[in-house]
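Structure, as structure tokens:
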Amino acid sequence: MSQAAAPREQTGAEQVALFLLSLDETEAASVMKHLSADIVADVATAMTKLPPDAVESSLQERVWLALNEAATKPEPLRIPARNELGDLLTRALGKEAAADVLRMMEDRRLQERPFADLEAFAPEIVARVLHSESPAATALVLAHFEPALSSAVLSGFEPAAALEIVRGMADVVPPPFALLRGIAADLTARAEVLASEPVKVEPSQRLRTIAEMLGRVTGGLDKAVLDKLRESNAGMAKEVQEFMFTWDDLVKVDKRGMQKILGAINTTTLSTAIKGSSKAVEENILGNMSARARKMVQEERELAGAVPMAQVTVARNEILTAVRALIESGEFRPAGGSAEELVS
């Protein structure tokens, strides 16, 4: 004996259609006035496609029960915004009492997190504000921040200044709350001023952006642009070209290109320049040298021991200058475009 098929679940549009059809025309029209045009179109379409058994009382009863359940279901809790909370308190307590409550709430908030308003700004803005403060004052502020925000702000300082700030954080003694609140208000006001100013981009950053853009183009457009730029501003063209190839870019140079570069560099310079390099850069340099030259570079590096980073930078710049000379002469062209086109 075959079992009766389970009744099909109505779609939302079908349920609304059934509900409206159970009303008289005036009531149905009144409800539909509050629906959007898209929903009305869906419901009207559903009305024309309802199966004959849709008018059964059992289906209508199910729709009414679902509607009643939805209508009596409490709204999900929502945390009120500050202005909504103020309106609620004003209606409940009156304007003056509501203002007193809001003031007490603000005092408690600032006692728990005195620099809460300052925390709302980007770490770069906060760092710029704190640059004009003493290390002790900066330490006081960062000691009240969450670790993630403190580290982001601290990264905007030079290493020596950052070290002094961290030392100060270990010994920080908070001043009286009134003074702390005054400091926070002053810093927040200055942050608001900085945040409202146009973002200042350093000239070097603009040139670096130009270099990165030209480094990604293909078809010789980079050379054509640089040539034209050189005619009008040779200094700028030189700076852009310098930004277009960096020490870490050596990892992208293929065997033929690397051998051209290494042919113009002595082993002493190489042994210093590769100190502190990434493993990939070092492997690409040493891997494209003869066994004898590679051994000489490794021995000279070990004999030299630790050297100042400034000395390493000088050696690297000497190599990069040679690379740029090869680029300018057309003897070497670094890989451009997307990562798929780079050769390691």
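Residues in the sequence shown are numbered from 30 upward in steps of one, following my numbering. C-beta: ideal position from N, C-alpha, C; glycine also.
Burial check for Lys281: the Cβ neighbour count within 10 Å reaches 16 or more, so the residue is buried. One alpha carbon belongs to Ala127, the other to Val222, and they sit about 31 Å apart. In the DSSP assignment, Asp251 falls within the alpha helix (DSSP H) that extends over Leu250 to Ser261. Glu193 and Ala181 have their C-alpha atoms roughly 16 Å apart. Segment contact: the segment 91-99 against the segment 61-72, fewer than three CB-CB distances shorter than 8 Å; contact not assigned.
About 10 Å separates the beta carbon of Leu169 from that of Leu216, a gap too long to meet the 8 Å contact definition. One thing to note: Leu236 has its Cβ no nearer than 9 Å to the Cβ of Glu187. In the displayed model, Lys267 falls within a helix according to three-state DSSP. In this structure, Val352 lies away from Gly305, with their beta-carbon atoms at least 9 Å apart. The segment 288-303 makes contact with the segment 312-321, as at least three CB pairs between them are under 8 Å. For Asn295, the three-state secondary structure derived from DSSP is coil. The Cβ neighbour count for Pro164, taken over all protein chains shown within 10 Å, is at least 16; the residue is labelled buried. A direct Cα-Cα distance of roughly 35 Å separates Asp251 from Val326. Val170 sits in a helix when the DSSP states are folded into three classes. By the Cβ test, the segment 37-47 is in contact with the segment 64-81, since at least three Cβ pairs between them sit closer than 8 Å. For Ile314, the enclosing alpha helix (DSSP H) stretches over residues Lys308 to Leu315. Taken through DSSP and simplified to helix, strand or coil, Glu54 comes out as helix. Scanning Met338, Ala335, Ser307 and Leu291 for the CA closest to the CA of Arg323 turns up Leu291. Taking Ala224 as the centre and dropping the five residues before and after it, the same chain places the C-beta of Phe150, Ala151 and Ile154 closer than 8 Å to its C-beta, in chain order. For the alpha helix (DSSP H) assignment, the uninterrupted runs of no fewer than 4 residues enclosed by the segment 192-234 are, from N- to C-terminal side, 206-225.
Residue environment: Phe206 is assigned as exposed (fewer than 16 neighbouring CB atoms within 10 Å of its CB, all protein chains considered).
Shortest Cα-Cα distance from Met273 to any of Val195, Ala354, Ala145 and Met338 involves Ala354. In the DSSP assignment, Ile303 falls outside any alpha helix (DSSP H), carrying neither H nor E.
In this structure, the beta-carbon distance from Arg157 to Gly185 falls below 9 Å.
Within the same chain, Leu250, Asp251, Val254, Leu255, Val269 and Met273 come within 8 Å of Leu243 by CB-CB distance, once the 5 residues on both sides are set aside. When the five nearest sequence neighbours on each side are left out, the beta carbons in the same chain lying within less than 6 Å of the beta carbon of Ile348 are those of Ile294 and Ala302, in order along the chain.
Rounded to the nearest whole angstrom, the CA to CA distance from Ala263 to Trp276 is 23 Å. For Ala145, the closest of Glu329, Asp67, Thr238 and Ala220 by C-alpha to C-alpha distance is Ala220.
Where Arg330 is concerned, the enclosing alpha helix (DSSP H) starts and stops at Ala320 to Ala333. The alpha-carbon of Ala266 is positioned some 39 Å away from that of Ser179.
Judged by DSSP in its simplified three-state form, Lys62 adopts coil rather than helix or strand.
Close CB contacts of Val201 within its chain, under the 7 Å cut and outside five residues either way in sequence, are with Ala168, Leu169 and Ala172 (chain order).
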